[in-house]
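Residue numbers (my numbering), protein chains in the order written: chain A, 56 to 650; chain B, 81 to 379.
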Amino acid sequence: MSTDVQIAIVGSAGDGTIAAGDILRRAMAEIGYRVISFDLYPAEIRGFGKCIARLRVTDEQAYSLKQQSDILVSLDDSHAIPHVGEAREWGAVIYETHSVNPLPEGAHLSGHIDPGQVPYNVPIRELAEKSTGSARSRNIVIVGYIIGLMRLPVEPVLRALVGKFKGKGDIAQKNEAALRAGYEEGLRWFRLDDIEFGPPPAQEKGAHVEMISGNAAIVRGALDAGIDNFFGYPITPATSIMERLASEMPRHGARLVQTEDEIAAISATLGAGYAGARAATATSGPGLSLMAEMLGFGVIAEVPSVVFVSQRGGPSTGMPTKHEQSDLNMAVFGGHGDAPRIVIAPTSVEGCYRCAGRAFEMAEAYQTPVIVLLDLYLSNRYETVPFPDRPPFDADTNRYADTRGGAAGFQRYALTVDGVSPRSIPGQAGGMHVATGLEHNELGRPNDQPDMHLAQSRKRHEKLKAALSHPGFEPAKRFGDTGQVEVGLVAWGSSFGECLEAMYLAQEEGIRCAAVKVVMVSPFPVDFVATFLADCKEVLVPEVNYQGQFAGILQMQVPRAVTRMTRIPCAPLRVEEILDEIRRLAGRIVEPQAA
Amino acid sequence: MGEIRPVYLEDKLKEVEDSGRLDYRSKALPTWCPGCGYFSIVEAVATALCELGIPNEDAVMVSGIGCSSRFPFFINSYGIHTLHGRALPSALGVKTANPALTVVAVGGDGDGFAIGGGHVPHAARRNLDITYLLFDNGIYGLTKGQTSPTSAVGFKTPTSPYANPDRPLNPLLMLLSHGASWVGQSYAGDPEHLRSMIRQAMEHRGFSYLHILSPCVTFDKTHRTYVNLGMQVHALPATHDPTDKLAAMGEAMKNEQAPAVGLYYREQRPTLDDALDALVEKAGGEKRGLRGGRGRKLR
Chain A
56 MSTDVQIAIV GSAGDGTIAA GDILRRAMAE IGYRVISFDL YPAEIRGFGK
106 CIARLRVTDE QAYSLKQQSD ILVSLDDSHA IPHVGEAREW GAVIYETHSV
156 NPLPEGAHLS GHIDPGQVPY NVPIRELAEK STGSARSRNI VIVGYIIGLM
206 RLPVEPVLRA LVGKFKGKGD IAQKNEAALR AGYEEGLRWF RLDDIEFGPP
256 PAQEKGAHVE MISGNAAIVR GALDAGIDNF FGYPITPATS IMERLASEMP
306 RHGARLVQTE DEIAAISATL GAGYAGARAA TATSGPGLSL MAEMLGFGVI
356 AEVPSVVFVS QRGGPSTGMP TKHEQSDLNM AVFGGHGDAP RIVIAPTSVE
406 GCYRCAGRAF EMAEAYQTPV IVLLDLYLSN RYETVPFPDR PPFDADTNRY
456 ADTRGGAAGF QRYALTVDGV SPRSIPGQAG GMHVATGLEH NELGRPNDQP
506 DMHLAQSRKR HEKLKAALSH PGFEPAKRFG DTGQVEVGLV AWGSSFGECL
556 EAMYLAQEEG IRCAAVKVVM VSPFPVDFVA TFLADCKEVL VPEVNYQGQF
606 AGILQMQVPR AVTRMTRIPC APLRVEEILD EIRRLAGRIV EPQAA
Chain B
81 MGEIRPVYLE DKLKEVEDSG RLDYRSKALP TWCPGCGYFS IVEAVATALC
131 ELGIPNEDAV MVSGIGCSSR FPFFINSYGI HTLHGRALPS ALGVKTANPA
181 LTVVAVGGDG DGFAIGGGHV PHAARRNLDI TYLLFDNGIY GLTKGQTSPT
231 SAVGFKTPTS PYANPDRPLN PLLMLLSHGA SWVGQSYAGD PEHLRSMIRQ
281 AMEHRGFSYL HILSPCVTFD KTHRTYVNLG MQVHALPATH DPTDKLAAMG
331 EAMKNEQAPA VGLYYREQRP TLDDALDALV EKAGGEKRGL RGGRGRKLR
């Protein structure tokens, strides 16, 4: 018996919707399941905006949420009514028996439930008030109810509760009472046979599984790679990277400074990189715009540095709390001059961890800025990640120059076969040189002769090719059917999860289908992708931006016709929409969807 | 001045060679115009580094863009010649990564107070333990003579052909209010004073700001010339107390009439390094330098 259950909780800001989802996903991880979870909340801090917590519980790590939920909970009917259809046939719809105010006709959720869905009306408020004397614990009651209804063990939930409300007085006790009240109530009702929780999967050896967000995984990767210095300026949705590092880095003896702006952040990051530190900054699109000029300095002066970028809706201030993948062009091409850099875009939370750590290795090994490109969806979504007991990252990937003997004129920018020049670090005798943003000769002295400009430009471009075979790193990976396929998907970043889900569904429908995730967008894994495209009758490139930025880069590198699927829904792609595109390209009949 | 003594070339050369300060001059010859005040700054910095016994490899010159920012190429130390306006935040990175280094940021009036103006208050208030040498010639020399944030009202340049309408900034007053823990002024036309002030600035633990007045002999024939500066520049009153911040601000205000050189203000307070180390201690971490002894690897 395998487990694949998705739960959605819909409420209004202040209902504790997100908190309930958080306790549930922590509890599920505690039990031993794999979880992926993504919340939706309004931009405003206070108010009555719609909140949705969604979590998918599985045996093997899922890369995306499902289109339909198995259990839908309403903590606020006015917000939940438009989402009733999200509960699948024979799925459960759980809602409040008594509303606070008398509702006009049609405003109660019970009137919107489909005959195929299974309704559970629960006196949530009553249970909360009885157990804790306050209606505020409705969200905890409903967590207990779901656990009881699904006949899951209640102890892991208690542990998750204690963890969440540690040190907050008697809140933990009250919550335990609310949880037990909900749990007992859930046990009283018939179990839904159609929704199954199988035994949790066995733990992997040599690793410990943790529930963690994309941004938290970035932090973990940076720490495991031995980050020395971080300089940053708060910006949604990257802020939590800096916040976590601010609390973690001093514990490791490392240093973080909040700078006056993003320009200072990248300048200081490069200054620290020049001085031999593993240094990083984190920002979003607007901050990356400000950093563009200094990143070019990092390229020409060949300074190791890491920039974590979490994209949001743009241009300009755009939509700071909405998901979009529209900063790819800037990450790859942004700035003036021929300024090649490494850009890697993880596709999962685990990928965030690996990319963060490898980024520091690559920055040092190829002496260049490395951009790790996330997006709001990936930054904020939670997944269970098996962290290796021993960090897999190399603590020092520098190629050092031997400057003993102090020969006059150390050639910091010596022209070498692979383009990487052995470096010296301030404090190292005999290695004195100036790192400059001017075009320079091997010594680092200003030089604007055509031969030297060509030689140094070639060096800066060619040296990056080695990154495609960086140890322990897969720049691209293929999934699904092998050999010739009817439809091949090429995806990047967080969108890959939805693409993979759609690909599996298409395979179930008998469509020969495969998908490639491209993690390293610059330099582009041309050979790998070209080989894959040769296997595909049709190619689909889904992404969350208007222009099809990734498809553009793909076609620039491997010229051929592809179908661009560009959507800007201010949210992740919909699996169903991708599936429809696959069906259409495979020549299957597609029912037109209702608008 | 008193008695004038003859200086013989052989004696001077021997004195220079014996001093060891040539070890701090790089093989690259300065690219400045003959007569530029910046030559004396290179000499003064090399002398100060030599006198303080700082190993060449432990010093880092950090600059932005401009005539003054070519400076790192002329000193035999590590150097980083960054972007226009970005000397201070780059220096922040260098010093934070390795506090054992002696970091000197250099730049001009445009680099520091126009494009890079946003960084100055923060380096000062953090008490970043570096020396910031600001070469103020009141003009954009590298782009051939346009108006800068310290140009006089009425100054005629290619970008202000009728007259500069903007009043100049008062950098000393700004730095005092930003919280710089050492603020001084010197004049490129007085190499002895300059050398002494640079040495004091580098000896100070914390953010030391030295404002260096210098003429642009090529593009300014009317305002900040050696002749004019020579007449205007005078010493701070002997009675000035450099630990009195209000008095320092009062003296800085008087600069708007005629510039006085000397030490305006100094205080001892924890540096950014101290503060960051305190955070590590508070978090229960262990203070560390660069991992794996980087920068000392092959010594």
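By construction, the Cβ of each residue, glycine as well, lies at the ideal position given by its N, Cα and C atoms.
Measuring straight from C-alpha to C-alpha, what distance separates Val360/B and Asn178/B? Sequence index remark: in the second sequence, residue 360/B carries index 280 (1-based). Sequence index remark: in the second sequence, residue 178/B carries index 98 (1-based). Approximately 15 Å between the Cα atoms of the pair.
Through-space distance from Val274/A to Tyr408/A, alpha-carbon basis: Counting from one through the first sequence, the residue named residue 408/A turns up at place 353. Counting from one through the first sequence, the residue named residue 274/A turns up at place 219. Straight-line measurement puts the Cα of Val274/A at about 8 Å from the Cα of Tyr408/A.
So for Tyr212/B, helix, strand or coil by DSSP? Position 132 of the second sequence, counted from the first residue, corresponds to residue 212/B. The answer is strand: DSSP assigns Tyr212/B an E or B state.
Taking C-alpha atoms, which residue in Gly390/A, Tyr118/A, Ser577/A and Tyr455/A lies nearest to Arg478/A? On the first sequence, position 423 is the one that residue 478/A refers to. Nearest neighbour of Arg478/A by Cα position, chosen from Gly390/A, Tyr118/A, Ser577/A and Tyr455/A, turns out to be Tyr455/A.
Around the C-beta of Glu497/A, are 16 or more other C-beta atoms found within 10 angstroms, so that it is buried, or is it exposed? The sequence position of residue 497/A within the first sequence is 442, counting from 1. By the neighbour-count rule (16 or more Cβ atoms within 10 Å), Glu497/A is buried.
Could you please tell me which residues of the segment 341–367 of chain A, in chain order, have their CB closer than 8 Å to any CB of chain B? Listed by position, the residues of the segment 341–367 of chain A near chain B (Cβ gap below 8 Å) are Glu348, Met349, Phe352 and Ala356.
Beta-carbon within less than 7 Å of Gly166/A's beta-carbon, same chain only, minus the 5 sequence neighbours each way: which residues are those? Along the first sequence, read from residue 1 onward, the residue named residue 166/A stands at position 111. There are no such residues.
Do you know offhand how far Ser266/B's Cα is from Val233/B's? In the second sequence, the residue the question calls residue 266/B occupies position 186. In the second sequence, the residue the question calls residue 233/B occupies position 153. Going from the Cα of Ser266/B to the Cα of Val233/B covers about 22 Å.
Sufficient close CB pairs (3 or more, under 8 Å) joining the segment 116–125 of chain B to the segment 266–285 of chain B: Yes, since at least three Cβ pairs between the segment 116–125 of chain B and the segment 266–285 of chain B fall closer than 8 Å, the two stretches touch.
Candidates Pro627/A, Ser129/A and Glu646/A: closest to Leu433/A by CA position: Indexing the first sequence from 1 puts residue 433/A at position 378. Closest by alpha carbon: Pro627/A.
Tell me the DSSP secondary structure of Lys221/A in three-state form. Against the first sequence, residue 221/A aligns to sequence position 166. Lys221/A falls in the coil class under three-state DSSP.
Close beta carbons around Phe41/A, own chain, < 8 Å, minus the five adjacent residues each side: What the structure shows of chain A is the stretch from 56 to 650, and residue 41/A is not part of that stretch, so it cannot be assessed.
Of the choices Ala232/A, Phe220/A, Pro597/A and Gly340/A, whose alpha-carbon is the least far from that of Phe551/A? Residue mapping note: residue 551/A aligns to position 496 of the first sequence, counting from 1. Among Ala232/A, Phe220/A, Pro597/A and Gly340/A, the Cα nearest to that of Phe551/A is on Pro597/A.
By alpha-carbon positions, which one of Glu636/A, Leu555/A and Gly565/A ends up nearest to Gln116/A? Translated into the one-based positions of the first sequence, residue 116/A becomes position 61. Gln116/A has its Cα closest to that of Leu555/A, out of Glu636/A, Leu555/A and Gly565/A.
Could you list which residues in chain A have their beta carbon closer than 9 Å to that of Phe153/B, in chain order? Position 73 of the second sequence, counted from the first residue, corresponds to residue 153/B. The answer, in chain order, is Val489, Thr491, Gly499, Arg500 and Pro501.
Return helix, strand or coil for Thr127/B, following the three-state DSSP convention. Numbered from its first residue, the second sequence carries residue 127/B at position 47. Three-state DSSP puts Thr127/B in a helix.
Are the C-beta of Lys325/B and some C-beta of chain A separated by less than 8 Å? Counting from 1 along the second sequence, the entry for residue 325/B is found at position 245. Not closer than 8 Å to any Cβ of chain A, the Cβ of Lys325/B fails to qualify, so no.
So if DSSP puts Cys568/A in a beta bridge, which residue, or which two residues, is it bridged to? Here residue 568/A corresponds to residue number 513 of the first sequence, with the count starting at 1. Answer by DSSP bridge pairing, in chain order: Val542/A.
If you compare alpha carbons, which of Gly326/A, Pro424/A, Gly412/A and Ile136/A is closest to Asp451/A? On the first sequence, residue 451/A is found 396 positions in, with the first residue counted as 1. Comparing Cα positions, the closest option is Gly412/A.
Under 9 Å from the C-beta of Glu231/A: neighbouring residues of chain B: For the purposes of this step, residue 231/A is identified with residue 176 of the first sequence, where counting begins at 1. Chain-order list of chain B residues neighbouring Glu231/A: empty, with the shortest C-beta distance near 31 Å, by a criterion of under 9 Å.
So, is His378/A buried or exposed, given that buried needs 16 or more other C-beta atoms within 10 angstroms? Residue mapping note: residue 378/A aligns to position 323 of the first sequence, counting from 1. Label assigned to His378/A: buried.
Taking the alpha carbon of Asp382/A as the point to measure from, which residue in Gly548/A, Ile78/A and Phe93/A has its own alpha carbon closest? The residue you call residue 382/A lines up with position 327 of the first sequence. Ranking Gly548/A, Ile78/A and Phe93/A by Cα distance to Asp382/A puts Gly548/A first.
Taking the alpha carbon of Ile426/A as the point to measure from, which residue in Arg243/A, Pro395/A and Lys223/A has its own alpha carbon closest? In the first sequence, the residue the question calls residue 426/A occupies position 371. Checking every option, the nearest Cα to that of Ile426/A belongs to Pro395/A.
Residues sharing a beta bridge with Phe363/A, DSSP: Taking the first residue of the first sequence as position 1, residue 363/A is located at position 308. Under the DSSP definition of a beta bridge, Phe363/A partners with Ala337/A and Val427/A.
To the nearest angstrom, report how far apart His273/B and Asn156/B are at their CA atoms. For this step, residue 273/B is matched to residue 193 along the second sequence. For this step, residue 156/B is matched to residue 76 along the second sequence. Each residue's alpha carbon lies about 23 Å from the other.
Looking at the C-beta of His320/B, does it have a partner C-beta in chain A at a distance below 8 Å? In the second sequence, counting from the first residue as 1, residue 320/B sits at position 240. By this cut-off, His320/B is not an interface position.
Taking the straight line between their C-alpha atoms, what separation do you get for Asp536/A and Ala641/A? The residue you call residue 536/A lines up with position 481 of the first sequence. The residue you call residue 641/A lines up with position 586 of the first sequence. Those two C-alpha atoms are separated by around 14 Å.
If you compare alpha carbons, which of Tyr118/A, Ser133/A, Lys121/A and Glu141/A is closest to Leu127/A? Numbered from its first residue, the first sequence carries residue 127/A at position 72. Looking at the Cα atoms, Glu141/A is the closest of the given residues.
May I ask you to list, following chain order, the residues of the segment 159–178 of chain B that have a beta carbon less than 7 Å from some beta carbon of chain A? For the segment 159–178 of chain B, which is checked against every Cβ of chain A, the residues closer than 7 Å are Gly159, Ile160, His161, Thr162, Leu163, Arg166, Pro169, Ser170, Ala171, Leu172, Gly173, Val174, Thr176, Ala177 and Asn178.
Taking 8 Å as the CB-CB limit, is Val274/A close to chain B? By one-based count along the first sequence, residue 274/A stands at place 219. No, because no Cβ of chain B sits closer than 8 Å to the Cβ of Val274/A.
Residues near Thr127/B by beta carbon distance below 6 Å, same chain, minus five either side: Translated into positions along the second sequence, residue 127/B becomes position 47. For Thr127/B, where only same-chain residues beyond five positions count, the Cβ hits under 6 Å are Arg101 and Arg275.
Following the continuous alpha helix (DSSP H) through Gly326/A, name the residue where it begins and the one where it ends. Translated into positions along the first sequence, residue 326/A becomes position 271. Residues Glu317 to Tyr329.
Interface flag, Leu356/B vs chain A, CB-CB below 8 Å: Here residue 356/B refers to the residue found at position 276 when the second sequence is read from its first residue. Yes - at least one Cβ of chain A is within 8 Å of the one on Leu356/B.
Cutting at 7 Å between CB atoms, please list the residues of its own chain near Val464/B, excluding the five before and the five after it. Chain B is shown from 81 up to 379; residue 464/B falls before or after that span and cannot be answered.
If Ala71/A sits next to Asn194/A, beta carbons under 8 Å apart, how far is it from one beta carbon to the other, in whole angstroms? Working through the first sequence from its first residue, we reach residue 71/A at position 16. Working through the first sequence from its first residue, we reach residue 194/A at position 139. The question names Ala, but residue 71/A is Gly in the sequence shown. Between Gly71/A and Asn194/A the beta-carbon gap is near 3 Å, inside 8 Å, which marks them as a contact.
How is the beta strand (DSSP E) around Cys296/B delimited, first residue to last? In the second sequence, the residue the question calls residue 296/B occupies position 216. Counted as a single uninterrupted DSSP element, the stretch harbouring Cys296/B is not any beta strand (DSSP E), since DSSP gives it neither H nor E.
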